[in-house]
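Visitor:
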Amino acid sequence: MTNDTLKGLYEVVKQRKEHPQEGSYTCYLFEQGVDKILKKCGEECAEMIIAAKNPSEEDLKNEMCDLIYHMMVLMAEKNVEIDSVMEVLEARRKKIGNLKQFHQVDRES
349 MTNDTLKGLY EVVKQRKEHP QEGSYTCYLF EQGVDKILKK CGEECAEMII AAKNPSEEDL
409 KNEMCDLIYH MMVLMAEKNV EIDSVMEVLE ARRKKIGNLK QFHQVDRES
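Here you go:
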């Protein structure tokens, strides 16, 4: 999945929030509110964990995609832009050192 793919998906999610469409699952989630969105994030996370313990890579990839999608709905609900998340990931990618130092730097920044 490229940054363009993630950004494109996020734009679709934001469009559904700004311009609801009848029958859209994404719009349904926004209508139900943050509690429903959080519940779905939790469910998808649990399903991903279970899929990771099973042999099917395809199932695991699908559950990961479901989790990413629901996280994006949460991001849109809470007005967290994908570029700001990508910036955090990029900053973390650039960190060097051992895990203990990584976590110490993380707490201090």
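If you use the working numbering, the sequence shown closes out at 457, no skipped numbers anywhere.
Every residue gets a Cβ at the ideal spot worked out from N, C-alpha and C, and that includes glycine.
Every value quoted in this text rests on a predicted model; they were computed, and no experiment measured them.
(1) Leaving out five residues on either side along the sequence, give the residues of the same chain with a beta carbon under 6 angstroms from the beta carbon of K355.
(2) Rounding to the nearest angstrom, what Cα-Cα distance links N427 and E366 in this structure?
(3) With a 10 Å radius around its C-beta and 16 neighbouring C-beta atoms as the bar for buried, classify R440 as buried or exposed.
(4) So what's S404 in DSSP terms, helix, strand or just coil?
(5) Candidates E359, Y358, I416, A399: which alpha carbon is nearest L386's?
(6) Under the assumption that L377 contacts M420 (Cβ atoms under 8 angstroms), give the Cβ distance between them as a whole number of angstroms.
(7) Given this structure, state the Cα-to-Cα distance separating V433 from N351, to the nearest angstrom.
(8) What's the gap between the Cα of A394 and the Cα of Q380?
(9) Kindly indicate which three-state DSSP category H367 falls into: helix, strand or coil?
(10) Where do the ends of the alpha helix (DSSP H) carrying S432 lie?
(11) Where V361 and Y373 are concerned, what is the direct C-alpha to C-alpha distance, given to the nearest angstrom?
Guide: Let me spell this out:
(1) Looking up residue 355 in the sequence shown gives position 7. Same-chain partners within the cutoff: I430.
(2) The sequence position of residue 427 within the sequence shown is 79, counting from 1. The sequence position of residue 366 within the sequence shown is 18, counting from 1. Those two C-alpha atoms are separated by around 12 angstroms.
(3) Residue numbering aside, residue 440 sits at position 92 when the sequence shown is read from its first letter. Exposed, because fewer than 16 other Cβ atoms sit within 10 Å of the Cβ of R440.
(4) Counting from one through the sequence shown, the residue named residue 404 turns up at place 56. When DSSP states are grouped into helix, strand and coil, S404 belongs to the coil group.
(5) By 1-based counting over the sequence shown, the position of residue 386 is 38. Of E359, Y358, I416, A399, the residue nearest in Cα terms is I416.
(6) Here residue 377 is taken as the residue at index 29 of the sequence shown, counted from 1. Here residue 420 is taken as the residue at index 72 of the sequence shown, counted from 1. About 11 angstroms; that fails the 8 angstroms criterion.
(7) One-based indexing of the sequence shown puts residue 433 at position 85. One-based indexing of the sequence shown puts residue 351 at position 3. Their backbone Cα atoms lie some 11 angstroms apart in a straight line.
(8) Taking the first residue of the sequence shown as 1, we reach residue 394 at position 46. Taking the first residue of the sequence shown as 1, we reach residue 380 at position 32. The C-alpha of Q380 is placed about 21 angstroms away from the C-alpha of A394.
(9) Residue mapping note: residue 367 aligns to position 19 of the sequence shown, counting from 1. Collapsing the DSSP output to three states places H367 in coil.
(10) Residue mapping note: residue 432 aligns to position 84 of the sequence shown, counting from 1. Per DSSP, S432 belongs to the alpha helix (DSSP H) from 430-442.
(11) Against the sequence shown, residue 361 aligns to sequence position 13. Against the sequence shown, residue 373 aligns to sequence position 25. Just so you know, the alpha carbons of V361 and Y373 end up roughly 10 angstroms apart.
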